[in-house]
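For the record, the sequence lines run as chains A and B. Numbered according to the working numbering, the first sequence spans residues 3 to 215. Numbered according to the working numbering, the second sequence spans residues 3 to 215. Idealized CB from N, CA, C, for every residue including glycine. Computed from a prediction, not measured in an experiment: that's the story for all the values here. The structure appears below as C-alpha cells.
Number of protein chains: 2
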Amino acid sequence: MPKRDNISMSVIRRLPRYYRFLRLLQSKGVVRISSTELSSKLGLTASQIRQDLNCFGGFGQQGYGYIVDQLCAEIANILGLSNCYKTILVGAGNLGQAIASHMSFESEGFHLIGIFDNSPHKIGTIINDHPVLDIAGLDEFCRKEKPVMAVLCIPRESVGPLAEKLYTMGIKNFWNFSHYDLAMKYPDALVENVHLNDSLMTLCYRISNSGTQ
Amino acid sequence: MPKRDNISMSVIRRLPRYYRFLRLLQSKGVVRISSTELSSKLGLTASQIRQDLNCFGGFGQQGYGYIVDQLCAEIANILGLSNCYKTILVGAGNLGQAIASHMSFESEGFHLIGIFDNSPHKIGTIINDHPVLDIAGLDEFCRKEKPVMAVLCIPRESVGPLAEKLYTMGIKNFWNFSHYDLAMKYPDALVENVHLNDSLMTLCYRISNSGTQ
DNA sequence: TAGATTGTTAATCGATTAACAATC
DNA sequence: TAGATTGTTAATCGATTAACAATC
C-alpha cells in the first residue's frame, strides 16, 4: 500500500460511496469508467475524484480511464473490507436487532461474534443465528474471544460503565449509536458515531428553512 | 429570526450537538456557560462556537457568557424543533421498527402519522401504537393526510418506484436509509441520508489504518 | 499519430482559528 | 471600575476546483 499518510476524513467518507457505485457498475457489467462519467453520476467534480483516488495511488490509465473491477478491488483494499474484525454488539432492542441483522448479512470488514443484553426478555432469543447473551458473561467472553470492536445500541445512561469495562478489556474501537460522548472520554479510542437524532434535527432545520415547507 | 442567509452545512450539523449538550446542562441545573467551557467539553474551539452561534444572532452577554435555558431555546427554535411535520415511514423491518419507535418517543420536529409495508406478515401489526398499513393504500392516505416527509427504510431495489410515487404525491423531504441516490434523481428534493454501511466502512478504514490492531 | 483522460501542480474557495475592540 | 467574555474582523489553514503536462 503506497502513500496513505494522513488522509483527510472528507476523502475517507467519500470512499464508501465510490465503492458502492462501482459495485453497481460491476453488477451491470460495465468495464471501464472515466472520472468525468463518475463525477456526473455522483454529483461531484472529476477533479475531486481523481484527487481523492490519487491519495492512495494511481489506479487509472491515462487516455482510458479506470477499470471498474480493478478500482473496486483497490477501494475495497483501501477500506480494509477483507478484514474480519471480531465484533460484539450490546443492546438487543429494535435498533440493535436491525444492526445485528445488517452486520450478519453484509459483513464487510467485521465479523459479529456476540450479541449482549441485560434484559431477561431478550437473553436467549435468537437474532440472525446469534443467541442473545447475558451481559453478565461479557468479561469472560471478551477474555476468551478478544473482540476488537463494539457496537453500542444501548441508551445513553447505560454507556458510561459499560464503555469503561469494554475499554479496560482492550476494546478501543466503537460504533456508537448512543449520545454518550465516547470520543471525549477515551481520546485514544476510535469512535464512529451514528447520531440518528442529530441527523433528523438537521433535516428539520433544512425543511424549516427551505422554500417548500 | 435574523441573519440566516446561507449557513453552511458544517455549521448546521454542529447545532444538534450543541443542543444535546445544552439540554444535558439544563437537566443538571446549570444556569450559564461560556464559549470556553463549552468548547472544552465538546472538543471544539471557543472561536468556532461563537462563530457558529453568531450566524443566527448574538445570544450571549459580553463578560458573562450564555444563559443555558435561553441558548437552548434559541437553538431549538433555529432547528425548528417545535414543528410537527407530518411524516410517514415506509418499511417496517427491523430498522423501520427501530426508527418508528424512536420517532414516536422523541418527536422533535416531526410527527409520525403512518407506517407502511407491503408484507402481509407486517401489515396489521402494531409498532408503538401505530398499525402497519398496507402500502396499497398509500395514495389515498397521502391525499387525505398530506404528509410532508417520508422515512425510507426499504431496500435499495424498492426505492425507485416508491420514491417516484411519493414525489408526485408532493412529498419532497426524505430521511433516506437506503442506498438509492434520491438527491441525484430529484434535485429539488431535500434528502438526508443515513448510510449505515458507509459509516461502518469508514470505521473499518480507520481501524485498518490505526496503530492498534 | 491524434484523441482522450489521467496524475499532479497551482489557484481558488470556504471553513476554522486567532486576535481584539466592544461591552456587560 | 476592573475583569470577563462576547461579537466580529482579520489571518490561517485545509479542501475543492481548475488547468495542463504527461502518457496511454
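Quiz item: Nearest chain A C-beta to E194/B closer than 7 Å, yes or no?
Solution: At least one C-beta of chain A is nearer than 7 Å to the C-beta of E194/B.
Exercise. Quick one: using the 10 Å Cβ neighbour count with 16 as the cut-off for buried, is M3/B buried or exposed?
Key: The pLDDT assigned to M3/B is 42, lower than 50, so where the model puts this residue is not dependable, and the model offers no usable value.
Self-check item: Three CB pairs or more closer than 8 Å across the stretch 99 to 107 of chain B and the stretch 118 to 135 of chain B
Solution: A contact exists between the stretch 99 to 107 of chain B and the stretch 118 to 135 of chain B.
Quiz item: With a cut-off of 7 Å, does the C-beta of L140/B fall near any C-beta of chain A?
Solution: No, its Cβ sits nowhere closer than 7 Å to a Cβ of chain A.
Quiz item: Under a three-way DSSP split, which group does K88/A fall into?
Solution: Strand.
Quiz prompt | Buried or exposed by the 16-neighbour rule on C-beta atoms within 10 Å, applied to V193/A | solution = It is buried - the Cβ of V193/A has at least 16 other Cβ atoms within 10 Å.
Quiz item: For I129/A, does the three-state DSSP call read helix, strand or coil?
Solution: In the displayed model, I129/A falls within a strand according to three-state DSSP.
Self-check item: Any C-beta of chain A under 7 Å from that of A219/B
Solution: Nothing about residue 219/B can be reported from this structure: the residues present for chain B run from 3 to 215 only.
Self-check item: Sheet register partners of M151/A (DSSP bridge)
Solution: According to DSSP, M151/A shares a beta bridge with T89/A, N175/A.
Practice problem: Buried or exposed for M151/A, please, with buried defined as at least 16 other CB atoms from any protein chain shown within 10 angstroms of its CB. | Solution: Residue burial is scored here from C-beta neighbours: M151/A has at least 16 other C-beta atoms within 10 angstroms and is therefore classed as buried.
Quiz prompt | Local conformation of Q99/A per DSSP, three classes | solution = Three-state result, Q99/A: helix.
Quiz prompt | Residue range of the alpha helix (DSSP H) that includes E166/B | solution = Taken as a continuous stretch (DSSP letters only), the alpha helix (DSSP H) holding E166/B covers 158 to 170.
Quiz prompt | Of the listed residues H181/A, Y188/A, I80/A, F176/A, nearest to R19/B (C-alpha basis) | solution = Of the listed residues, the one whose Cα sits closest to R19/B is H181/A.
Quiz item: Since Q50/B meets chain A, which of its residues come closer than 9 Å, beta carbon to beta carbon?
Solution: Those do not exist, as Q50/B stays about 16 Å from chain A at its closest Cβ, beyond 9 Å.
Quiz item: Can a CB atom of chain A be found closer than 7 Å to the CB of S212/B?
Solution: Judged by the 7 Å Cβ criterion, S212/B is in contact with chain A.
Quiz item: Could one say the Cβ of G172/B lies closer than 7 Å to chain A's Cβ atoms, at least one of them?
Solution: No, its Cβ sits nowhere closer than 7 Å to a Cβ of chain A.
Quiz prompt | Endpoints, the beta strand (DSSP E) within which N195/B is located | solution = In the DSSP assignment, N195/B falls within the unbroken beta strand (DSSP E) covering 192 to 195.
Practice problem: Tell me, please, whether the stretch 90 to 98 of chain A touches the stretch 152 to 171 of chain A by the rule of three or more beta-carbon pairs shorter than 8 Å. | Solution: Short answer: they touch.
Exercise. Keeping to the same chain, check which residues put their C-beta closer than 8 Å to that of G82/A; ignore five residues upstream and five downstream.
Key: Only G111 meet the Cβ criterion.
Practice problem: Please work out which residues of its chain come closer than 7 Å, Cβ to Cβ, to G162/A, disregarding the five sequence neighbours upstream and downstream, and give them in chain order. | Solution: So the list reads Y182, once near-sequence residues are dropped.
Self-check item: Cα-Cα separation between I216/B and N56/A, rounded to whole angstroms
Solution: An answer regarding residue 216/B cannot be provided, because it is not within the stretch 3 to 215 covered by chain B.
Exercise. Please confirm whether S91/B and I69/B have their CB atoms less than 7 Å apart.
Key: Checking the sequence, you will find Leu at residue 91/B rather than Ser. Taking 7 Å as the Cβ cut-off, L91/B and I69/B do not qualify as a contacting pair.
Quiz prompt | Whole-number beta carbon distance between V196/B and S12/A, since they are thought to touch under 8 Å | solution = Contact doesn't hold; Cβ gap of about 18 Å is too wide.
Practice problem: Assign A145/A to buried or exposed, taking buried as 16 or more other Cβ atoms, counted over all protein chains shown, within 10 Å of its Cβ. | Solution: The amino acid occupying residue 145/A in the given sequence is Arg; Ala does not appear at that position. So R145/A ends up on the exposed side.
Exercise. List the residues of chain B that A100/A touches, going by C-beta distances under 7 Å, in chain order.
Key: Those within 7 Å of A100/A in chain B are N96, L97, A100.
Quiz item: Within the 7 Å Cβ cut-off, does T204/A reach chain B?
Solution: Residue-level contact by beta carbon holds for T204/A and chain B, with a gap shorter than 7 Å.
Quiz item: Between I80/B and the rest of its own chain, which residues show a CB-CB distance below 6 Å, the 5 nearest in sequence each way excluded?
Solution: Sequence-distant Cβ neighbours of I80/B in its own chain, meaning closer than 6 Å and more than five residues away, are F58.
Quiz item: Mapping DSSP to helix, strand and coil, what is S13/B?
Solution: First, the amino acid is wrong: residue 13/B is Val here, not Ser. Residue state, collapsed to three classes: helix.
Self-check item: With 16 other Cβ atoms within 10 Å as the buried cut-off, status of D119/B
Solution: Buried, because 16 or more other Cβ atoms sit within 10 Å of the Cβ of D119/B.
Quiz prompt | Status (buried if at least 16 other CB within 10 Å, exposed otherwise) for K148/A | solution = Taking a 10 Å sphere around the C-beta of K148/A, we find fewer than 16 other C-beta atoms and assign the residue as exposed.
Exercise. Could you name the residues that DSSP lists as bridge partners for L2/B?
Key: Because chain B here runs from 3 to 215, residue 2/B falls outside it and cannot be looked at.
Exercise. May I ask you to list, following chain order, the residues of the stretch 69 to 85 of chain B that have a beta carbon less than 8 Å from some beta carbon of chain A?
Key: Flagged, chain order: I80, L81, G82, L83, N85.
Exercise. Apply the 10 Å Cβ neighbour rule to K5/A and answer buried if 16 or more other Cβ atoms are within range, or exposed otherwise.
Key: Its pLDDT being 49, under 50, K5/A is placed unreliably by the model, and nothing is read from it.
Self-check item: Same chain only: Cβ atoms within 6 Å of Y21/B, ignoring 5 sequence neighbours per side
Solution: Correct list, in chain order: I77.
Self-check item: I137/B versus S37/A - alpha carbon distance
Solution: Roughly 39 Å separates the two Cα atoms.
Quiz item: Do you know how far the Cα of K187/B is from the Cα of L168/B?
Solution: Approximately 13 Å between the Cα atoms of the pair.
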